[in-house]
Ligand SMILES: Cc1cc2nc3c(=O)[nH]c(=O)nc-3n(C[C@H](O)[C@H](O)[C@H](O)COP(=O)(O)O)c2cc1C
């Protein structure tokens, strides 16, 4: 039996990131990316079950949070059983960000993540998200204010910069390190790129080489080979996966297995997929309520049924389903006959 000294345990409990990025780990941690409208707790739970070691909430607007807007409080909520979740906050006012961080920690957030990557115009107009990267002084003030406000670790998620003329992710990462931020995630695109082109993993390597805090690489990892290449190219301390997990939460298990053994795990059997889909739908309903849940679940069900025989027709009917009762019926009817052959209609 291994005996962990109590002081080590206490440190790990206080500071979950020291465990996540422990230097003596033999495997690289896999993280679920924050995705607005996607990474609520029903989806995070699935990612966690399949091996995501940390998940990140949807972006929560700090202004709305401190005004106690119910929708934002709900977005920031997590289940105690979820394990390591970073609650991501967005905003451009250091005091408001600090207050929103404090509120989230009071609600139980084990990690606070600062959004410096959101490319959306509405967010950028208020100087939040990726726009913060254009104002290094303000970015630094926000990081220092948030780090100073909460006893839990703070992380930052950013892009490479605003555009090709302003690729300052390394400068921001250095400011983050100096401000006491514990890890940075870099999505290998500029704001101007939005989601076009390919993520530049080489650029992530330059940031990794330039700071001592852990650097998590993100962008376009959708296969086990991709994860291995990102790790080889950039030497990152963690790999964050977003779109690749949509409708395929088992991607974390597949990648972890491949990185450990060099071998591919087969996709889950149809019975396992069916169980995941039904369970996901029900947890969405229980969190969001029957009406909103039924609407929000559509995109997840569409992703889940990609590549299944008859999936196209199912999704068409799903889009016209007026309520949860009908969706349940459609879902059971469809899954009762569907076969996951990986070819089907594809997408
Ligand atoms: C639907 C969607 C919503 C997103 N919402 C957020 C967000 O709220 N906060 C954030 O930092 N990034 C957000 N992102 C960016 C992702 O976290 C990630 O950086 C990006 O998708 C690249 O990773 P991927 O190629 O693995 O998807 C979002 C991406 C998508 C597709």
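In the numbering used here, the protein residues as written are 1467 to 1813.
We put the CB at the ideal spot given by N, CA and C, even for glycine.
Computed from a predicted model, the values in this text were never measured in an experiment.
(request) Give a single yes or no on whether residue 1499 has its beta carbon closer than 7 Å to a heavy atom of ligand 1. (result) In terms of side-chain proximity, the C-beta atom of residue 1499 is found nearer than 7 Å to a non-hydrogen atom of ligand 1.
(request) Take residue 1715 as the anchor and find which of 1741, 1695, 1639, 1703 has the nearest alpha-carbon. (result) Residue 1741 is the option with its Cα nearest to residue 1715.
(request) With DSSP as the reference, label residue 1529 as helix, strand or coil. (result) Helix at residue 1529.
(request) Report yes or no: do three or more beta-carbon pairs, one from the stretch 1613 to 1631 and one from the stretch 1565 to 1582, lie closer than 8 Å? (result) Segments in contact, yes.
(message) Excluding the 5 residues flanking residue 1664 on each side, which residues of the same chain have their C-beta closer than 7 Å to its C-beta?
(response) In chain order, 1686 place their CB closer than 7 Å to the CB of residue 1664, counting only its own chain and leaving out the 5 sequence neighbours on each side.
(message) Please state the DSSP three-state secondary structure of residue 1579.
(response) When DSSP states are grouped into helix, strand and coil, residue 1579 belongs to the strand group.
(message) I want to check one thing, is the minimum distance from the CB of residue 1739 to the heavy atoms of ligand 1 below 7 Å?
(response) False, no ligand heavy atom lies under 7 Å from that Cβ.
(request) Starting from the C-beta of residue 1812, find all residues in its chain whose C-beta is less than 8 Å away, skip the five residues before and the five after it, and write them out in chain order. (result) Any reading at residue 1812 is ruled out, since the residue's pLDDT is 36, under 50, leaving its predicted position unreliable.
(message) If you follow the alpha helix (DSSP H) that residue 1599 is in, where does it begin and where does it stop?
(response) Unbroken run through residue 1599: none, as it is neither H nor E.
(request) Round the Cβ separation of residue 1495 and residue 1486 to the nearest angstrom and send it over; I've been treating them as touching at under 8 Å. (result) Going by Cβ atoms, the distance from residue 1495 to residue 1486 rounds to 5 Å, so yes, they are a contact pair.
(request) Leaving out five residues on either side along the sequence, give the residues of the same chain with a beta carbon under 7 Å from the beta carbon of residue 1517. (result) Non-local C-beta neighbours of residue 1517 in its own chain, meaning closer than 7 Å and more than five positions away in sequence, comprise 1496, 1718, 1719, 1722, ordered along the chain.
(message) Extract the residue ranges of the beta strand (DSSP E) inside the stretch 1646 to 1702, only unbroken runs of 3 or more that lie entirely within it.
(response) Within the stretch 1646 to 1702, the complete beta strand (DSSP E) runs of at least 3 residues are 1649 to 1653, 1681 to 1684.
(request) Using beta-carbon positions only, say whether residue 1498 and residue 1521 come within less than 8 Å of one another. (result) The answer is yes: Cβ separation under 8 Å.
(request) Spell out the partners DSSP gives residue 1624 in its beta bridges. (result) DSSP lists 1582, 1652 as the beta-bridge partner residues of residue 1624.
(request) Work out the CA separation of residue 1795 and residue 1624 for me, nearest whole Å. (result) Distance between the alpha carbons of residue 1624 and residue 1795 is about 42 Å.
(request) Measuring alpha carbon to alpha carbon, tell me which of 1513, 1484, 1724, 1752 ends up nearest residue 1709. (result) Cα-wise, what sits closest to residue 1709 is 1513.
(message) Is the separation between the beta-carbon of residue 1556 and that of residue 1606 shorter than 8 Å?
(response) Cβ distance not < 8 Å, so residue 1556 and residue 1606 don't count as in contact.
(request) Helix, strand or coil for residue 1793, going by three-state DSSP, please let me know. (result) The answer is helix: DSSP assigns residue 1793 an H, G or I state.
(request) Return yes when the Cβ of residue 1531 is within less than 8 Å of the Cβ of residue 1502, no when it is not. (result) Contact flag unset, no.
(request) With a 10 Å radius around its C-beta and 16 neighbouring C-beta atoms as the bar for buried, classify residue 1659 as buried or exposed. (result) Counting of Cβ neighbours within 10 angstroms places residue 1659 among the buried residues, the total reaching 16 or more.
(request) Measure the alpha-carbon distance for residue 1571 versus residue 1549 and round it to whole angstroms. (result) Rounded to whole angstroms, the gap between the alpha carbons of residue 1571 and residue 1549 is 14 Å.
(request) Could you say which of 1651, 1758, 1724 lies nearest to residue 1537 if we only look at CA atoms? (result) Considering only alpha carbons, the answer is 1758.
(request) Assign residue 1521 to one of three DSSP states: helix, strand, or coil. (result) Residue state, collapsed to three classes: strand.
(request) Run through the stretch 1732 to 1806 for me and flag every whole alpha helix (DSSP H) of 4 or more residues, listed as ranges in chain order. (result) As for any alpha helix (DSSP H) of minimum length 4 sitting wholly inside the stretch 1732 to 1806, the runs are 1736 to 1754, 1756 to 1770, 1777 to 1785, 1790 to 1803, ordered along the chain.
(message) What I want to know is whether the C-beta of residue 1554 ends up closer than 7 Å to one or more non-hydrogen atoms of ligand 1.
(response) Distances between the C-beta of residue 1554 and the heavy atoms of ligand 1 include at least one below 7 Å.
(message) Using only CA atoms, which one of 1748, 1622, 1699, 1681 lies nearest to residue 1488?
(response) Ranked by Cα distance from residue 1488, the options 1748, 1622, 1699, 1681 are led by 1681.
(message) Am I right that residue 1593 and residue 1642 are in contact with their C-beta atoms under 8 Å? What's the rounded C-beta distance?
(response) About 18 Å separates the beta carbons of residue 1593 and residue 1642, which is beyond the 8 Å limit, so they are not a contact pair.
(request) Name the one or two DSSP bridge partners that residue 1706 has. (result) As DSSP reads the structure, residue 1706 sits in a beta bridge with 1497, 1684.
(message) Using the three-state DSSP reduction, which class does residue 1476 fall into: helix, strand or coil?
(response) For residue 1476, the predicted structure reports a pLDDT of 46, less than 50, and the residue's modelled location is therefore unreliable. The matter cannot be settled from this model.
(message) Excluding the 5 residues flanking residue 1608 on each side, which residues of the same chain have their C-beta closer than 6 Å to its C-beta?
(response) Excluding positions up to five away in sequence, the list reads 1560, 1563.
(request) Note down, in chain order, each residue of its chain lying with its Cβ closer than 8 Å to the Cβ of residue 1590, except the 5 sequence neighbours on either side. (result) For residue 1590, where only same-chain residues beyond five positions count, the Cβ hits under 8 Å are 1584, 1596, 1597, 1657.
(request) Inspect the beta-carbon positions of residue 1637 and residue 1650 and report whether they are closer than 8 Å. (result) Taking 8 Å as the Cβ cut-off, residue 1637 and residue 1650 do not qualify as a contacting pair.
(request) Check whether the Cβ of residue 1669 lies closer than 7 Å to any heavy atom of ligand 1, and answer yes or no. (result) In this structure, residue 1669 has its beta carbon at no less than 7 Å from each heavy atom of ligand 1.
(request) May I ask which residues mark the beginning and end of the alpha helix (DSSP H) holding residue 1564? (result) Going by DSSP, residue 1564 is part of the alpha helix (DSSP H) stretching over 1560 to 1572.
(message) Taking 7 Å as the cut-off, is the beta-carbon of residue 1673 closer than that to any non-hydrogen atom of ligand 1?
(response) Answer for residue 1673: no, Cβ out of range of ligand 1.
(message) Would residue 1655 and residue 1626 be called neighbours here (beta carbons separated by less than 8 Å)?
(response) Residue 1626 sits close to residue 1655, with the two beta carbons spaced by under 8 Å.
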